[in-house]
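Just below is one structure, and these are the notes that go with it.
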Amino acid sequence: MPFEPINPPQFPAPIAPYSAGAKAGNTVYVSGVLALGEGGAVLHVGDAAAQTHHVLEVIKITLEAAGATMADVAMNHIFLKDLKDYAAFNQVYAQYFPGDKPARYCIRADLVKPDCLVEIASVAHIG
Numbered sequence: 001m002p003f004e005p006i007n008p009p010q011f012p013a014p015i016a017p018y019s020a021g022a023k024a025g026n027t028v029y030v031s032g033v034l035a036l037g038e039g040g041a042v043l044h045v046g047d048a049a050a051q052t053h054h055v056l057e058v059i060k061i062t063l064e065a066a067g068a069t070m071a072d073v074a075m076n077h078i079f080l081k082d083l084k085d086y087a088a089f090n091q092v093y094a095q096y097f098p099g100d101k102p103a104r105y106c107i108r109a110d111l112v113k114p115d116c117l118v119e120i121a122s123v124a125h126i127g
C-alpha cells in the first residue's frame, strides 16, 4: 500500500532523512518527536514537562495535517532519558489524552541529542 508523507510546512527541516509522519489508508504514523527548533536546536533544556508539551503539540499538528486528532491515537512509543522525569512527563501527557487512553510503552534510553529528555512516536487510526 502506498503512503503519503506528512510534513507540516511550519516545522523546521528534519535533522535526518525522514518525514514527520506518514499516512497509509486510515493509519497515521508519526515519527519520533523531540523538542527541537530551527537547525536542530534543543528547546526547553532541562525541563521534561516543557519538552513533553512541545513534543505532544508537534504530534497534534502532524496528526491534524493528516486528518487525524489526538483522540485517534491508538499507540504511543515513549522514550525518556531519565526515569526521574516520569511523573512530570505523565502530568503533561494526561492533559493530551483526557478520555480513553491509548496503549503505550515507556523505556529509558539515550536520545539523539544529550539535552533531549523526551521522545514520542505515535500511531493513530482515523475513523
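Under full-length UniProt numbering, the first residue of the sequence shown carries the number 1, and numbering increases by one thereafter. Cβ coordinates follow ideal geometry from the N, Cα and C atoms, glycine included.
Cα separation between residue i and residue j?
{"i": "residue 46", "j": "residue 127", "result": "38 Å"}
{"i": "residue 29", "j": "residue 74", "result": "10 Å"}
{"i": "residue 58", "j": "residue 2", "result": "24 Å"}
{"i": "residue 25", "j": "residue 100", "result": "23 Å"}
{"i": "residue 102", "j": "residue 41", "result": "30 Å"}
{"i": "residue 86", "j": "residue 49", "result": "9 Å"}
{"i": "residue 82", "j": "residue 109", "result": "8 Å"}
{"i": "residue 72", "j": "residue 27", "result": "9 Å"}
{"i": "residue 125", "j": "residue 90", "result": "23 Å"}
{"i": "residue 68", "j": "residue 84", "result": "32 Å"}
{"i": "residue 53", "j": "residue 6", "result": "21 Å"}
{"i": "residue 16", "j": "residue 98", "result": "32 Å"}
Specify the secondary structure class of residue i as computed by DSSP and reduced to three states.
{"i": "residue 32", "result": "strand"}
{"i": "residue 15", "result": "coil"}
{"i": "residue 60", "result": "helix"}
{"i": "residue 69", "result": "coil"}
{"i": "residue 103", "result": "strand"}
{"i": "residue 26", "result": "coil"}
Roughly how far, in whole angstroms, is the beta-carbon of residue i from the beta-carbon of residue j, given that I think they are within contact range, below 8 Å?
{"i": "residue 34", "j": "residue 80", "result": "About 12 Å; that fails the 8 Å criterion."}
{"i": "residue 21", "j": "residue 31", "result": "6 Å"}
Note down, in chain order, each residue of its chain lying with its Cβ closer than 6 Å to the Cβ of residue i, except the 5 sequence neighbours on either side.
{"i": "residue 76", "result": "102, 104, 120 and 122"}
{"i": "residue 96", "result": "56 and 70"}
{"i": "residue 115", "result": "42 and 45"}
I'd like the list of long-range same chain contacts for residue i, defined as Cβ closer than 7 Å, with 5 residues on each side in sequence excluded.
{"i": "residue 107", "result": "79"}
{"i": "residue 8", "result": "20, 61, 62 and 65"}
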